[in-house]
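Please read the structure below before turning to the comments.
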Amino acid sequence: MSESYEYHKTTRSVCPVCHEIIPAKVIFKGAGVYLMKHCRVHGDFRSVIERDRARYLESFSTGKPAVYPLAHTKSGFEGCGRSCGLCAEHQQHTCLPIIEITDYCNMTCPVCLVDNAHQTHMSVSDFSAIIESLIRCEGTLDLINLSGGEPTMHPDLLRLIDLARRPEIVNCSISTNGRIFLKNRGLLDGLIERGVFISLQFDGFDDRAYREIRGEPLLEEKHAILELLERAGAKTSLVMTVVRGVNDREIARTADFLMEHDFIKSLMIQPIVFTNPRYPYTEDKAMTTSDVVRELCDAKRVEILPSDITNLPCSHPTCFSLAYFLKLKDRSGFVPLTRLVDSQAYLDVIKNRTTPGLDEESFGAIREKIYQLWSSSGSIPESEKILATIRDLLCELGKCGNHPTPQSVFSIAENAVKSIYIHSFMDAHTMDLARVMKCCTQYPTLNELTPCCMRNAGVRGAKAPASSGSN
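Just add 18 to wherever you are in the sequence shown, counting from 1, and you've got my numbering.
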């Protein structure tokens, strides 16, 4: 590694081979940002972590102070990477717990985080204990996600969801490939009846991508699943794993698909993580946040600018980016919320959670910003259409009263706003322990809350079933 570069910072990472914690440095080379590290046993490694240096640096301007949980599940501190659980040194609470309820799966994706063992379904009593622990640590949760394996294969799935339907938990989602719904409509109806969000694995409109990423052609089946979800009235989110040079050109089309269908509420884009030896790391296939943003800007159904996609302040600046789009009343289109309020006001609203407005503080901030929009209509582009939409929102928000329930606010938001998220998980190649300490997405087990990227990068052991939640 004698090539010239510009040093940025020192951190710690893990060796992609032995997973030992080793020193690393973040460097700039041209427009790119890279992680360089050396293992005494396995040698040198370099991985791309961002292809837009300017965007990488700008992301650090919008962070926020740490928000700690009400309680910790891990006592003592043995050093970051060895004390995950969460320990008292962790600098963020849990925004999204991903509960792995089974390691059974009906697919064998080459990009799966690990090979599912087909041995374990989480017991009802263990699931109940995890829910109690989450509430003890957080008080309230916007969302919990059930994952696997393939969670629809759990024999007591609906019973588990009933246990999670608590006043302290606003919403429940399930990460699924959706195949079982074509054979078991009753299960889908049960999920819809319980208000569960269906987070559907969907990697675009080209079967060549499915063959590489999932190991089999799935496009026709995915269309059948989507048609079923739409007919059934299922609240749906698309979850897209993207690989550079494979399906990255499908990102804009998938964003358009989101905007064209009312039953699809959001799009989660997850750049590929290289955790499976069947799909080894190569720099040319690695996606970064700026790669995704560039592709999103080619969408046709909504104008998206790079500035419309901001990082979530409560997570590490390079982990999670998002954009919200207000759906105009006459269905003529969408307008990014960043165009309606100044950047600081926007960040103040979204600073605490991925779904703003579910607590009284941010609900009040949102209502105040809407009133300000109403009074400053002359400065709003296409003000007539936008004001008609805002008027209806004010009416809906007024029905919530001064002390709204999170569920009532979420119901308004899901019908008025479309969301696009970019979640840049880490693997052993890109692992930066400074990012782990700000992780707000964790895998809960009976005794621990493990930051997802630490698990995905090799700190898995036998703590819980394998997950397909990220890829």
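Every residue gets a Cβ at the ideal spot worked out from N, C-alpha and C, and that includes glycine.
This structure is a prediction, so every number in the text was calculated from the model and none was measured.
Which of helix, strand or coil DSSP assigns to residue i
i: residue 347; result: coil
i: residue 281; result: coil
i: residue 28; result: strand
i: residue 139; result: strand
i: residue 459; result: strand
i: residue 118; result: strand
i: residue 376; result: Residue placement at residue 376 is poorly supported in this model, since its pLDDT is 43, which falls under 50; the coordinates are not used for a value here.
i: residue 307; result: helix
i: residue 207; result: helix
i: residue 333; result: coil
i: residue 104; result: coil
i: residue 268; result: helix
i: residue 53; result: strand
i: residue 186; result: coil
i: residue 170; result: helix
i: residue 200; result: helix
i: residue 286; result: strand
i: residue 112; result: coil
i: residue 433; result: helix
i: residue 441; result: strand
i: residue 146; result: helix
i: residue 34; result: coil
i: residue 217; result: strand
i: residue 381; result: Low confidence applies here, because residue 381 scores a pLDDT of 47, under 50, leaving its location unreliable; read the following figure in that light. Residue 381 falls in the helix class under three-state DSSP.
i: residue 42; result: strand
Proximity of residue i and residue j at Cβ, strictly below 7 Å
i: residue 34; j: residue 78; result: no
i: residue 195; j: residue 125; result: yes
i: residue 215; j: residue 191; result: yes
i: residue 119; j: residue 169; result: yes
i: residue 290; j: residue 261; result: yes
i: residue 230; j: residue 66; result: no
i: residue 344; j: residue 355; result: yes
i: residue 167; j: residue 225; result: no
i: residue 16; j: residue 233; result: Outside the shown range of the chain (19 to 489) lies residue 16, about which nothing can therefore be said.
i: residue 287; j: residue 440; result: yes
i: residue 212; j: residue 243; result: no
i: residue 247; j: residue 254; result: yes
i: residue 114; j: residue 459; result: yes
i: residue 165; j: residue 116; result: yes
i: residue 472; j: residue 102; result: yes
Neighbourhood of residue i by C-beta distance below 6 Å, restricted to the same chain and skipping five residues each side
i: residue 437; result: 284 and 342
i: residue 322; result: 314 and 315
i: residue 236; result: 228
i: residue 174; result: 142
i: residue 257; result: 217, 219 and 286
i: residue 378; result: Unreliable placement is indicated for residue 378, whose pLDDT of 48 sits below 50; the coordinate value is still reported in the next sentence. Once the five neighbours on either side are set aside, residue 378 has no close Cβ partner at all.
i: residue 396; result: With a pLDDT of only 47 at residue 396, under the threshold of 50, the placement of this residue in the model should not be trusted; the figure read from the coordinates follows. Contacts found: none.
i: residue 457; result: 469
Buried versus exposed, by CB contacts within 10 Å (16 or more), residue i
i: residue 447; result: buried
i: residue 559; result: Here the chain covers residues 19 to 489 and nothing more, so residue 559 does not appear.
i: residue 461; result: buried
i: residue 475; result: buried
i: residue 469; result: buried
i: residue 177; result: exposed
i: residue 219; result: buried
i: residue 265; result: buried
i: residue 135; result: exposed
i: residue 200; result: exposed
i: residue 70; result: buried
i: residue 32; result: buried
i: residue 24; result: exposed
Neighbourhood of residue i by C-beta distance below 7 Å, restricted to the same chain and skipping five residues each side
i: residue 311; result: 324 and 327
i: residue 277; result: 319, 320, 352 and 436
i: residue 60; result: 33, 35 and 36
i: residue 210; result: 250, 251 and 252
Residue closest to residue i, alpha-carbon to alpha-carbon, out of the options
i: residue 451; options: 43, 320 and 347; result: 43
i: residue 333; options: 294, 234, 268 and 442; result: 442
i: residue 295; options: 31, 206, 445 and 247; result: 445
i: residue 317; options: 267, 329 and 459; result: 267
i: residue 250; options: 208, 70, 104 and 37; result: 208
i: residue 467; options: 153, 217, 72 and 28; result: 153
i: residue 263; options: 200, 471 and 304; result: 304
i: residue 238; options: 221, 115, 113 and 164; result: 221
i: residue 37; options: 22, 57 and 48; result: 57
i: residue 138; options: 453, 111 and 172; result: 172
i: residue 108; options: 432, 123 and 455; result: 455
i: residue 156; options: 111, 140, 197 and 163; result: 111
i: residue 130; options: 473, 292, 54 and 453; result: 292
Cβ neighbours of residue i in the same chain (closer than 8 Å, five flanking residues each side left out)
i: residue 68; result: 50, 51, 74, 306, 307, 308 and 336
i: residue 147; result: 464
i: residue 26; result: 43, 44, 45, 46 and 51
i: residue 184; result: 149 and 153
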